[in-house]
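**Q** Following this message is one structure expressed as structure tokens.
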Amino acid sequence: MPRRTPRNALDTLRTPRGFHGFLKAASVCALIAGLLSPLSPAMAAGDTATEVTAAEAAANDHCGGQCSDILPPGQNGNATLAQILLNQAFGTQPAHAEDQLGPYANLATGYPGLTNDKINTFFNDASFGVPAGQVASTLRPAGRGDVTIVRDKKTGVPHITGTTRYGTEFGAGYAAAQDRLWLMDLFRHVGRGQLTPFAGGAPANQGLEQQFWRSAPYTEDDLEAQIESAAAKAGERGELALADVDAYVAGVNAYIDASDKGRYFPGEYVLTGHKDAITNSGTIEHFKRADLIALASVIGSLFGAGGGGEVNNALSLLAAQEKYGVAEGTEVWESFRQRNDPEAVLTQQDGSFPYLPTPDDPQGRALPDAGSVEAEPLVYDRTGSAGAAGATGASAEAADTAVTSARRGMSNALVVSGEHTASGHPVAVFGPQTGYFAPQLLMLQEIQGPGISARGASFAGLSMYVELGRGQDYAWSATTSGQDIIDTYAVELCQDDYHYLYRGTCTPMEKVERHNAWKPTVADSTAAGSYTMRVWRTKYGPVESRATVGGKKVAYTTLRSSYLHEADSIIGFQMLNDPDYLNGPERFRSAVQHINYTFNWFYADSEHTAYYNSGDNPVRANGVDAEFPVWARQAYEWQDWDPAANTARYTGPSAHPQSVDQDYYVSWNNKQAQDYPAASWGNGSVHRGNLLDDRVKKLVAEGGVTRTALVKAMAEAGLADLRAEDVLPDLLKVVESAPVTDPATRTAVDRLKAWRSAGGLRTETSAGSKKYAHADAIRTLDAWWPLLVKAEFEPGLGSDLYSAFTRNLPVDESPSAAHGPTGAHAGSAFQYGWWSYVDKDIRSVLGEPVKGPLARAYCGDGDLAACRDTLVTTLEEASGRTAAQVYPGDDNCSAGDQWCADSVIHRTLGGIKHGGISWQNRPTYQQVVEFNSHR
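Everything in the sequence shown is counted per the working numbering, starting at 276 for the first residue and increasing by one.
Written out as structure tokens, the structure reads:
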């Protein structure tokens, strides 16, 4: 039976599709026309001025060859029609489309033998400039004399050098379009809720546009106003940002014109019906400022917006109170919520940073009446294929994903102070875990020009600045932090279902609509269909659901502090790229304070390390518990809230977790600091952050940390099964608290113990074998975990409360668990699950000390013998399940193929496909840095 649709929307996007049918019917003339289409032209050497600027950049590089990075599958994310057809027919790859996939994948088996001189076997030299003899091409975009784009032979990364600010940003836009034009076009349509008319009506495309437009239903006026508003607040830097955006957009459009005239534009435009391969008729729409805001709204929603889920929280609290009574039910709920668990791994190890403390006497709560909550419809007037079962299922999936607090993590980071390294200089291994897509969401670049000097990764279409990377003598990166910046309000209805009380006045809701229609194309054969997406907006945000509270009809709305402020972070990124501004950790923290999305930011230079948690954290009204919906009344609004601009009072910089020169930092979307809760559930005693913390803590204790040692720690953690490393030992203690007499169960226990003794890693027997060492033990744990969790907790909680808690936090997120928030083949794993609950409960049964225990014992109702019976019974069942039952197969894997079920597969967002690689749980883009000098 195929795996169900993954929950993460991007993981489900499939466009184009149906290429093989097209190949059979393709016109020979069209194929020849594509084959004869020229590639993007390159010119000879640049002018003297830009050569001097490039030389100055190389001279200002303080990394001394100790900076490396990698981003799979490859730099080139554009392909002509001919290249797409050849890839689909024969598997051939355009230049630099897949050349980073091998080195990236090989670290999984190559890390044990890693040495400093072998790091760039698995990474690339990230020094400034291009070495002599390694220049593949030099281009003056649009014939400009103030900028060159040099691409290196090894990776094809663009090195953009300008003598004027405008020229530099023009070049950045041109290079972005060279590498990611199709992807950029896709995402400006996703951000506007208009993907299906552009790319086709596949159910996955329907779900994607619905998920994002539901949370950011902007009008065109909204989009255009946001960049101007962000610039106006920032003075000279704002004016500069606006000029940079305009130059960047001009560069993108120059490439569109050049590629259209030269007929080397991305072939997906032909396959989706926007261009004709023979006559070249059709249009690729120019970009404008508002497109960048549409793009930013998608990226910010995915990776930089913590919070939400307050209605689900309310439902599970009510279920707990129904089961146990108000007082005990609340205690049980709080023990599962783990707002401030004393055993949670922390990024900031010292100090307290109180944020959203639990009020003693909550004010303004608006909990729904039992059974009254109904999700607000988004889709109306379905016609044709929009009414098919797959389409309605995708809509339900999108609605569920849009309201959860379990958002994809963006991670990880390992940073060690120079006090504990062999060289005396800080060492960092860090990067964003943004999933695996083809083309990749991120792209690499180097930008050198007036006021800009950086190399690294940026999201395609937002690459006027390097967003994660290195400067002349410093590097920085980020992980998703997820603190709560989203609240749910209960607005009282008046007059009818589309009017509400706003500060005592009956006020009409604003209706915003998108009417989308599609028809079959070569890329997407989905039959013609259409629908209307309709969102009702209030001062307190878009309507998410409806209910009654104490018998009163209400609409639940969601308000996000970054809503209407998708462009505000541009100033922070501008500062990070400015060598004249950023000269140390204090300036670094000042820069990232301008980023309103929720991220953990890390910094390293030759002398210092630093950490800062960013985000516009609204100051709630006194007594409000942000975990639950509150009444939309002035007494419970954010302090100093201006509904017209959606601004409020925010917690000051000193209230955010931060420090300089801590012994070490680790982050894998874990809890930031004491008294600083994350919006998502699951920050307890066992978290994937422990996999990093345990290893780095040991390295620091030993001293003499090197780049090699830190890469090894990251790589091993990226292969570890969190359940096996941190929970399995205590489970087996219970199982073996009495003799295991059943032969099959004894065999299963012995296999699990052997695997755990070998490290509990999910790794191949040898490079390329596509078979796991300890495969039977891994299969057993994969089958056992969901069985044991349900058997351990459901009898005590009852089915209603157990189900409610699983909606707050999924039970499992193993690499092959397609039911987890990230879906199958996504790489990222073990972020969300019941590992802490099992750990605390089992330790309590064993009589071991537990800080912050669950309010009750669940396994065997606290009796060791009864708990053992539960575990043994479920282990017997799990060990009897075949590989085909545990790994039932999907579109990419046959049933029973364990390695393939775990494997990382780049989701195709365009016409080029890539093969799967062995599972790793590591950043998509990753840096390894150690600066040896400072300006």
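Glycine included, each C-beta is placed from N, C-alpha and C at the ideal position.
Predicted, not measured: the structure shown is a model, and the values here were computed from it.
#1: Just the Cα atoms here: how many angstroms apart are Leu689 and Val704?
#2: How big is the Cα-Cα spacing for Gln1195 and Tyr386?
#3: Excluding the 5 residues flanking Cys1168 on each side, which residues of the same chain have their C-beta closer than 8 Å to its C-beta?
#4: Look at Val935 and Trp913 and say whether their C-beta atoms are less than 8 Å apart.
#5: Rounded to the nearest angstrom, what separates Asp644 and Gly825 at their Cα positions?
#6: What is the C-beta distance between Gly408 and Thr1199, in whole angstroms, given that I count them as a contact (C-beta under 8 Å)?
#7: Tell me which residues share the same chain as Phe863 and place their Cβ nearer than 8 Å to its Cβ, disregarding the 5 neighbours each side in the sequence.
#8: I need the DSSP call for Met784, collapsed to helix, strand or coil.
#9: Output the distance between the C-alpha atoms of Tyr911 and Arg1082, rounded to the nearest integer angstrom.
#10: Of the choices Glu767, Glu785 and Val787, whose alpha-carbon is the least far from that of Arg778?
#11: Tell me whether Ile559 sits in a helix, a strand or coil according to DSSP, three-state version.
#12: Compare the beta carbon distance of Gly1186 and Ile359 with 8 Å and say whether it is the shorter of the two.
#13: CB Phe397 to CB Leu382, shorter than 8 Å?
#14: Is the separation between the beta-carbon of Gln720 and that of Val741 shorter than 8 Å?
#15: Any contact of the stretch 1107-1123 with the stretch 959-967, i.e. 3+ C-beta pairs under 8 Å?
#16: Assuming the contact rule is C-beta atoms closer than 8 Å, Thr832 and Pro817 should be a hit. Round their C-beta distance to whole Å, please.
#17: If you follow the beta strand (DSSP E) that Pro617 is in, where does it begin and where does it stop?
#18: From the DSSP output, read off the bridge partner residues of Arg1031.
#19: Return the CA-CA distance between Asn965 and Asn335, expressed in angstroms with no decimal places.
#20: Thinking C-alpha only, which one of Gly1135, Val941 and Met739 is nearest Leu621?
#21: Thinking C-beta only, is Ala505 closer than 8 Å to Ile845?
#22: Tyr441 by DSSP, collapsed to three states: which one?
#23: For His695, name the three-state secondary structure that DSSP assigns.
#24: Bridge partners for Arg821 per DSSP, in chain order?
#25: From the beta carbon of Leu567, is the nearest beta carbon of chain D less than 8 Å away?
#26: Report the rounded CA-to-CA distance for Ala1079 versus Asp1005, giving the unit in angstroms.
#27: Taking buried to mean at least 16 other C-beta atoms within 10 Å of its own C-beta, is Lys550 buried or exposed?
#28: Please indicate yes or no: does the CB of Ser942 lie closer than 7 Å to some heavy atom of the ligand HEM?
#29: For Gly482 versus Ala669, is the C-beta spacing smaller than 8 Å?
#30: Ends of the beta strand (DSSP E) at Thr396?
#31: Under the three-state reduction of DSSP, which class applies to Cys1142: helix, strand or coil?
#32: The alpha helix (DSSP H) with Met739 in it runs from where to where?
#33: Need the endpoints of the beta strand (DSSP E) that Gln375 sits in, please.
#34: Under 8 Å, do Ala907 and Asp915 count as touching if we go by C-beta distance?
#35: Looking only at its chain, what residues have a beta carbon closer than 6 Å to the beta carbon of Pro433, apart from the 5 residues adjacent to it on each side?
#36: In terms of residues, what are the limits of the beta strand (DSSP E) holding Asp1114?
**A** Judging by the given coordinates:
#1: Stepping through the sequence shown from its first residue, residue 689 is reached at position 414. Stepping through the sequence shown from its first residue, residue 704 is reached at position 429. Near 5 Å, if we compare the C-alpha coordinates of Val704 and Leu689.
#2: Taking the first residue of the sequence shown as 1, we reach residue 1195 at position 920. Taking the first residue of the sequence shown as 1, we reach residue 386 at position 111. So the alpha carbons of these two residues sit roughly 12 Å apart.
#3: Taking the sequence shown and counting its residues from 1, one reaches residue 1168 at position 893. Around Cys1168: Tyr1162, Cys1175, Ala1176 and Ser1178.
#4: Along the sequence shown, read from residue 1 onward, the residue named residue 935 stands at position 660. Along the sequence shown, read from residue 1 onward, the residue named residue 913 stands at position 638. The answer is no: Cβ separation not under 8 Å.
#5: Within the sequence shown, the letter at position 369 stands for residue 644. Within the sequence shown, the letter at position 550 stands for residue 825. Between Asp644 and Gly825, the C-alpha separation is close to 6 Å.
#6: Mapped onto the sequence shown, residue 408 falls at position 133. Mapped onto the sequence shown, residue 1199 falls at position 924. That belief does not hold up - the Cβ atoms of Gly408 and Thr1199 are roughly 30 Å apart, past 8 Å.
#7: On the sequence shown, residue 863 is found 588 positions in, with the first residue counted as 1. The answer, listed in chain order, is Tyr749, Trp751, Leu851, Leu857, Trp876, Tyr878, Ala885 and Tyr887.
#8: Translated into positions along the sequence shown, residue 784 becomes position 509. In the structure shown, Met784 sits in coil (DSSP, three-state: anything other than H, G, I, E or B).
#9: In the sequence shown, residue 911 corresponds to position 636, counting from 1. In the sequence shown, residue 1082 corresponds to position 807, counting from 1. Distance between the alpha carbons of Tyr911 and Arg1082: 27 Å.
#10: For the purposes of this step, residue 778 is taken as the residue at position 503 of the sequence shown. Checking every option, the nearest Cα to that of Arg778 belongs to Glu767.
#11: The sequence position of residue 559 within the sequence shown is 284, counting from 1. Residue state, collapsed to three classes: coil.
#12: Mapped onto the sequence shown, residue 1186 falls at position 911. Mapped onto the sequence shown, residue 359 falls at position 84. Yes, these two residues count as a Cβ contact at 8 Å.
#13: Numbered from 1 along the sequence shown, position 122 holds the residue referred to as residue 397. Numbered from 1 along the sequence shown, position 107 holds the residue referred to as residue 382. Yes; because the gap between Cβ atoms is below 8 Å, this pair is in contact.
#14: The residue you call residue 720 lines up with position 445 of the sequence shown. The residue you call residue 741 lines up with position 466 of the sequence shown. For the 8 Å CB-CB criterion, Gln720 and Val741 form a contact.
#15: yes
#16: On the sequence shown, position 557 is the one that residue 832 refers to. On the sequence shown, position 542 is the one that residue 817 refers to. So it is a contact: roughly 6 Å between Cβ atoms.
#17: Position 342 of the sequence shown, counted from the start, is the residue given in the question as residue 617. No beta strand (DSSP E) holds Pro617; DSSP gives it neither H nor E.
#18: The sequence position of residue 1031 within the sequence shown is 756, counting from 1. Per DSSP, none; premise fails for Arg1031.
#19: Locating residue 965 in the sequence shown gives position 690, where the first residue counts as 1. Locating residue 335 in the sequence shown gives position 60, where the first residue counts as 1. For Asn965 and Asn335, the distance between alpha carbons rounds to 37 Å.
#20: Here the question's residue 621 lines up with position 346 in the sequence shown. Checking every option, the nearest Cα to that of Leu621 belongs to Val941.
#21: Here residue 845 refers to the residue found at position 570 when the sequence shown is read from its first residue. Here residue 505 refers to the residue found at position 230 when the sequence shown is read from its first residue. Yes; because the gap between Cβ atoms is below 8 Å, this pair is in contact.
#22: Along the sequence shown, one-based indexing puts residue 441 at 166. Correct three-state label for Tyr441: helix.
#23: On the sequence shown, residue 695 is found 420 positions in, with the first residue counted as 1. If DSSP states are grouped into helix, strand and coil, His695 belongs with the helices.
#24: Your numbering for residue 821 matches position 546 in the sequence shown. Partner(s): Glu649 and Ala830.
#25: Going by chain labels, chain D is absent from the structure shown, which holds only one protein chain.
#26: The sequence position of residue 1079 within the sequence shown is 804, counting from 1. The sequence position of residue 1005 within the sequence shown is 730, counting from 1. If you take the alpha carbons of Ala1079 and Asp1005, they lie about 27 Å apart.
#27: As a position in the sequence shown, residue 550 is number 275, starting the count at 1. With 16 or more other Cβ atoms within 10 Å, it is buried.
#28: As presented, the structure is devoid of all ligands, the ligand HEM included, so that no description of it is given.
#29: Position 207 of the sequence shown holds residue 482. Position 394 of the sequence shown holds residue 669. Their beta carbons are under 8 Å apart, which means Gly482 touches Ala669 by this criterion.
#30: Working through the sequence shown from its first residue, we reach residue 396 at position 121. Run containing Thr396: none in the beta strand (DSSP E); it sits in the alpha helix (DSSP H), Ile394 to Phe397.
#31: Position 867 of the sequence shown, counting from 1, holds the residue named residue 1142. Looking at Cys1142 - three-state DSSP - the assignment turns out to be helix.
#32: What you label residue 739 is simply residue 464 of the sequence shown in a count that begins at 1. Neither: Met739 is in no alpha helix (DSSP H) and is coded neither H nor E.
#33: As a first step, residue 375 must be located in the sequence shown, where it is residue number 100. No beta strand (DSSP E) contains Gln375, which DSSP labels as neither H nor E.
#34: The residue given as residue 907 occupies position 632 in the sequence shown. The residue given as residue 915 occupies position 640 in the sequence shown. The answer is no: Cβ separation not under 8 Å.
#35: As a working mapping, residue 433 is identified with position 158 in the sequence shown. Excluding sequence positions up to five before and after Pro433, its CB lies within less than 6 Å of the CB of Ile424, Arg426, Ala450 and Gln720, all in the same chain and listed in chain order.
#36: By one-based count along the sequence shown, residue 1114 stands at place 839. Unbroken run through Asp1114 is the alpha helix (DSSP H), Trp1110 to Leu1121; no beta strand (DSSP E).
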